[in-house]
Every structure is written in C-alpha cells, then in structure tokens.
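Enquirer: Before anything else, here's the structure in question.
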Amino acid sequence: MEDMVLETFGLTRRYGALTALDGVELHLRRGEIYGLVGRNGAGKTTLMRMVTGQGVPTAGSVALFGVSGSGIRRQRSRTGVMIEIPSFAPFLSARANLEYYRRQRGIPGKAVVEEALGAVDLLHTGNKKFKAFSLGMKQRLGLALALMNRPDLLILDEPINGLDPEGVVEFRSLLRQLNQELGTTILISSHILTELSTVATCYGFMEKGRLLEEITAQELHDRCRTCLRLEVGDAAKAAAVLQSRLGTDQFQVQPGNVILLFDHLDDPAPVSAALAAAGIPILAMERKGAALEDYFLKLIGGEEKC
Ligand code: ATP
Numbered sequence: 001m002e003d004m005v006l007e008t009f010g011l012t013r014r015y016g017a018l019t020a021l022d023g024v025e026l027h028l029r030r031g032e033i034y035g036l037v038g039r040n041g042a043g044k045t046t047l048m049r050m051v052t053g054q055g056v057p058t059a060g061s062v063a064l065f066g067v068s069g070s071g072i073r074r075q076r077s078r079t080g081v082m083i084e085i086p087s088f089a090p091f092l093s094a095r096a097n098l099e100y101y102r103r104q105r106g107i108p109g110k111a112v113v114e115e116a117l118g119a120v121d122l123l124h125t126g127n128k129k130f131k132a133f134s135l136g137m138k139q140r141l142g143l144a145l146a147l148m149n150r151p152d153l154l155i156l157d158e159p160i161n162g163l164d165p166e167g168v169v170e171f172r173s174l175l176r177q178l179n180q181e182l183g184t185t186i187l188i189s190s191h192i193l194t195e196l197s198t199v200a201t202c203y204g205f206m207e208k209g210r211l212l213e214e215i216t217a218q219e220l221h222d223r224c225r226t227c228l229r230l231e232v233g234d235a236a237k238a239a240a241v242l243q244s245r246l247g248t249d250q251f252q253v254q255p256g257n258v259i260l261l262f263d264h265l266d267d268p269a270p271v272s273a274a275l276a277a278a279g280i281p282i283l284a285m286e287r288k289g290a291a292l293e294d295y296f297l298k299l300i301g302g303e304e305k306c
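What follows is the structure, given as structure tokens:
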C-alpha cells in the first residue's frame, strides 16, 4: 500500500437533495499523472475539495499517503493544490506575489520562491505586473504557488481550461517535467479528455458524482484503436478461422458474436473471403475507431466500446 498516494473509500457528498459525490473509490499511485475527466458538474471539484480538506464528506473517507483519520492533516502538508487561480495582487510582480504567500504561509527560506518561479519558467518576468500576464502565465504562477512547499502530490482543477493551444502544450510539458524530474504525483481534472491525452498515465471518468471507471493510458489507447467490427454467425468459429487462415491474433471477441479485428483494416476482402469459405455468415462489417472524446461519451452513455 505504500505506493498508494491517494485513495478514497465510498466518498460521498450531498448538498441537500443533490448527491455531488456518490461512493467514489479513487486510486492514485505514486508517480502517476491521474486525469480526472468529467463534464461540468460531474463532481470533480467537489472530490478535490474533500481530498484537500476544503469540505467535509457526508460519508466515506480519504487516505493520503496511506494515512486516514485525524493523521491526514499532517499528510496534507505534502500536497500542493490549485483549485482555482489564487487571488494574486494585480500590481505586484510574480516574485512579489509568491513572496507574499511564502510569508503568509510561513514557508521557510526565500529560495523556494526562485525555485518555484524557475519550475514554471517565470524567472525572467522581472517587474511585469500580474495584471499584465497572459492567462497561461497566470496559470503557471498559480502552479508555482502550489509548488512552493515542494509537494509530493499536486492537485490541479481544470488548469488547462481557457489556455490557447500553445499554452496547453506548454502546460502539459511542464507537468511531465515535474512528474519525471521531481517525481511529483499529479491529480489533474478536465472536462475535455483530449486535453489530458498526452500527459495522463491513467484516467478516472466521472459522471453525476460517480467514478465510472479507472483505466491506464495504455488501456485507453488500446480501446480506442481503429478496428473492423464484424458481426458474424458464430464468433468462436470465426476467431479460429482468423487465426488459421489469415494468421492473425490481432482481434478481440465481444459478446453478441462480435469480433473487433485490428488487422486488415485497409484490405478487408481476404477476411470476408476466409469467413465465407468456412461457411460463417457475416451479418455486418464496418470500420470503427473511437476518438478519445467518443470513448468518454460512449462510457457515460453506456454504449459499446471501440
Ligand atoms: P465544474 O467543472 O463545472 O466545476 P465539477 O465536475 O467540478 O464541474 P462540481 O463543482 O464538483 O462539479 O459540482 C458537482 C455538483 O455539486 C454540481 O451539481 C454543483 O452544482 C453541486 N455543488 C457543488 N458545490 C456545491 C455547494 N457548495 N452547494 C450546493 N451545490 C454544490
């Protein structure tokens, strides 16, 4: 269990009649970048607030670094949090703003300010005032603030929201760098799966307060591969034919006599010929590929995957 940085157990939060979080069981292991994906109102911010102690769950519990109960307060000092862009003083520079927060939070050593500015590439902004910063710079300063206590776990709520495409690329590469060079574990939310797609190493999908699924980036990639979807008379026999006559094992058999074939995408004729020769009727054949966003939409709609 020492690898488990964050775990929630049946985490539930109700606001009157509304259940914002419904029995969430989240698992975040050391070294991962966990993409928490869900539409607006799915419960992502509420989940983060319960984890960071900014709210009290109605039921269930949270463990940070393997510790739950009252001991969790100490563990929270090992986290850096950006749930919304913090209120920075508009007429102060990046450095002066961070220095203000350093003193306010009693973080020892001025060097942490320089270190945090360096980590987010804001060392050379000089006297430029916060109000003149681009949104990307503001987000990076918010991240710098979250980094000042050198956290083992970074919790970021929709940090990419509103950034221009260049800003998105920069922010993602910054997160990768923090993860790879400092070993920081990251929980990051977004309502757009593709925003996280090149950075997350695993995903949790939320809808209506529930965590529907946790999967690794590799699993997601595999599930979104382009394939030929074959609906056949007998999937077991068809699978044997694909192996013996076409020499491929690049397929998955799914319920309902459906086979997803990842081979022969550009040349399906031998597939139909081999199945026909074996007397296996093909009821439907179509090329399918799930864009990442489609995967999420199908998941929350409960449709078939691929
Ligand atoms: P968004 O990206 O829009 O913030 P989200 O996935 O973060 O979406 P939450 O902010 O966690 O979603 O909200 C989940 C649900 O809980 C929403 O229906 C929201 O209106 C409700 N909610 C959140 N905080 C409160 C509160 N303090 N009082 C009442 N309802 C709340």
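Per the numbering used here, the very first residue in the sequence shown carries number 1; after that it's consecutive. C-beta: ideal position from N, C-alpha, C; glycine also.
1. How is L212 classed by DSSP in three states: helix, strand or coil?
2. With a threshold of 7 Å (Cβ to nearest heavy atom), would A17 be considered close to the ligand ATP?
3. Quick test of the definition: if touching needs 3 or more C-beta pairs under 8 Å, does the segment 4-19 touch the segment 49-66?
4. Under the rule that 16 or more other beta-carbon atoms within 10 Å means buried, what is L314, buried or exposed?
5. Can you name the start and end residues of the alpha helix (DSSP H) that E219 belongs to?
6. I need the boundaries of the alpha helix (DSSP H) containing T46, first residue and last residue.
7. Could you tell me which of E293, T194 and I186 sits nearest to L28, measuring between CA atoms?
8. Tell me whether the segment 155-165 and the segment 185-199 touch, counting them as touching only if at least three CB pairs, one residue from each stretch, are closer than 8 Å.
9. Work out the CA separation of F262 and L228 for me, nearest whole Å.
10. With DSSP as the reference, label V120 as helix, strand or coil.
11. I believe T226 touches L265 by the beta-carbon criterion, under 8 Å. Please report the beta-carbon distance rounded to the nearest angstrom.
12. State yes or no: is the C-beta of M50 within less than 8 Å of the C-beta of I107?
13. Considering only residues of the segment 272-298, which uninterrupted beta strand (DSSP E) runs meet the minimum length of 3 residues and lie entirely inside it, listed in chain order?
14. Around the C-beta of V81, are 16 or more other C-beta atoms found within 10 angstroms, so that it is buried, or is it exposed?
15. Which residues in the same chain have their Cβ closer than 6 Å to the Cβ of G279, if we skip the five residues on either side of it in sequence?
16. With a cut-off of 8 Å on the beta carbons, I'd call F338 and A89 a contact; round off their distance for me.
17. Would you mind working out which of G41, L145 and R30 sits nearest Q104, comparing C-alpha positions?
18. DSSP puts V24 in a beta bridge; with which residues?
19. For A42, is the beta carbon positioned less than 7 Å from some heavy atom of the ligand ATP?
20. Does the Cβ of L6 have 16 or more other Cβ atoms within 10 Å, making it buried, or fewer, making it exposed?
21. CB-CB under 8 Å to L292, same chain, minus the five flanking residues each way: which ones, in chain order?
22. Is it buried or exposed for V169, if we count other Cβ within 10 angstroms and need 16 for buried?
23. If the criterion is Cβ atoms closer than 8 Å, does the pair L207 and A42 meet it?
24. Could you give the DSSP three-state label for R172: helix, strand or coil?
25. Kindly list the residues whose CB is nearer than 8 Å to the CB of M285, restricted to its own chain and excluding five residues on each side of it in sequence; keep chain order.
26. Quick one: using the 10 Å Cβ neighbour count with 16 as the cut-off for buried, is Q218 buried or exposed?
Expert: Looking at the coordinates:
1. The residue you call residue 212 lines up with position 212 of the sequence shown. In the structure shown, L212 falls within a strand segment according to DSSP collapsed to helix, strand and coil.
2. As a first step, residue 17 must be located in the sequence shown, where it is residue number 17. No, since every heavy atom of the ligand ATP falls outside the 7 Å radius drawn around the Cβ of A17.
3. yes
4. For the chain, the structure presents residues 1 to 306; residue 314 sits outside this window and is missing.
5. On the sequence shown, position 219 is the one that residue 219 refers to. First-last of the alpha helix (DSSP H) with E219: A217 to R223.
6. The residue given as residue 46 occupies position 46 in the sequence shown. It spans K44 to T52 - the alpha helix (DSSP H) in which T46 sits, taken as one unbroken run.
7. Mapped onto the sequence shown, residue 28 falls at position 28. Checking every option, the nearest Cα to that of L28 belongs to I186.
8. Taking a cut-off of 8 Å on C-beta distances, the segment 155-165 touches the segment 185-199, as three or more cross pairs fall below it.
9. By 1-based counting over the sequence shown, the position of residue 228 is 228. By 1-based counting over the sequence shown, the position of residue 262 is 262. Cα-Cα distance, rounded: 6 Å.
10. Locating residue 120 in the sequence shown gives position 120, where the first residue counts as 1. In this structure, V120 counts as coil in the three-state DSSP scheme.
11. In the sequence shown, counting from the first residue as 1, residue 226 sits at position 226. In the sequence shown, counting from the first residue as 1, residue 265 sits at position 265. Indeed, because the Cβ distance is near 6 Å, the residues count as touching under 8 Å.
12. Indexing the sequence shown from 1 puts residue 50 at position 50. Indexing the sequence shown from 1 puts residue 107 at position 107. No, the pair does not count as a contact, with Cβ atoms beyond the cut-off.
13. 282-288
14. Translated into the one-based positions of the sequence shown, residue 81 becomes position 81. V81 comes out buried.
15. Reading the sequence shown from its first residue, position 279 is the one you call residue 279. Here the set comprises nothing.
16. This structure gives no information on residue 338, because the portion of the chain shown stretches from 1 to 306.
17. Translated into the one-based positions of the sequence shown, residue 104 becomes position 104. Checking every option, the nearest Cα to that of Q104 belongs to L145.
18. For the purposes of this step, residue 24 is taken as residue 24 along the sequence shown, with counting starting at 1. DSSP output for V24 lists L11 as bridge partner(s).
19. One-based indexing of the sequence shown puts residue 42 at position 42. A42: yes, Cβ under 7 Å from the ligand ATP.
20. Within the sequence shown, residue 6 is the residue found at index 6, counting from 1. It is buried - the Cβ of L6 has at least 16 other Cβ atoms within 10 Å.
21. For this step, residue 292 is matched to residue 292 along the sequence shown. Cβ within range, chain order: L193, T194, S197, L220 and C224.
22. By one-based count along the sequence shown, residue 169 stands at place 169. So V169 ends up on the exposed side.
23. Working through the sequence shown from its first residue, we reach residue 207 at position 207. Working through the sequence shown from its first residue, we reach residue 42 at position 42. Correcting the residue type first, residue 207 is Glu in the shown sequence and not Leu. Cβ distance < 8 Å, so E207 and A42 count as in contact.
24. As a position in the sequence shown, residue 172 is number 172, starting the count at 1. Residue state, collapsed to three classes: helix.
25. Here residue 285 is taken as the residue at index 285 of the sequence shown, counted from 1. Counting only Cβ-Cβ distances below 8 Å, and skipping sequence neighbours, we find L228, R229, L230, E231, P268, V271 and S272.
26. To locate residue 218, count along the sequence shown from 1; it is residue 218. Under this definition Q218 is an exposed residue.
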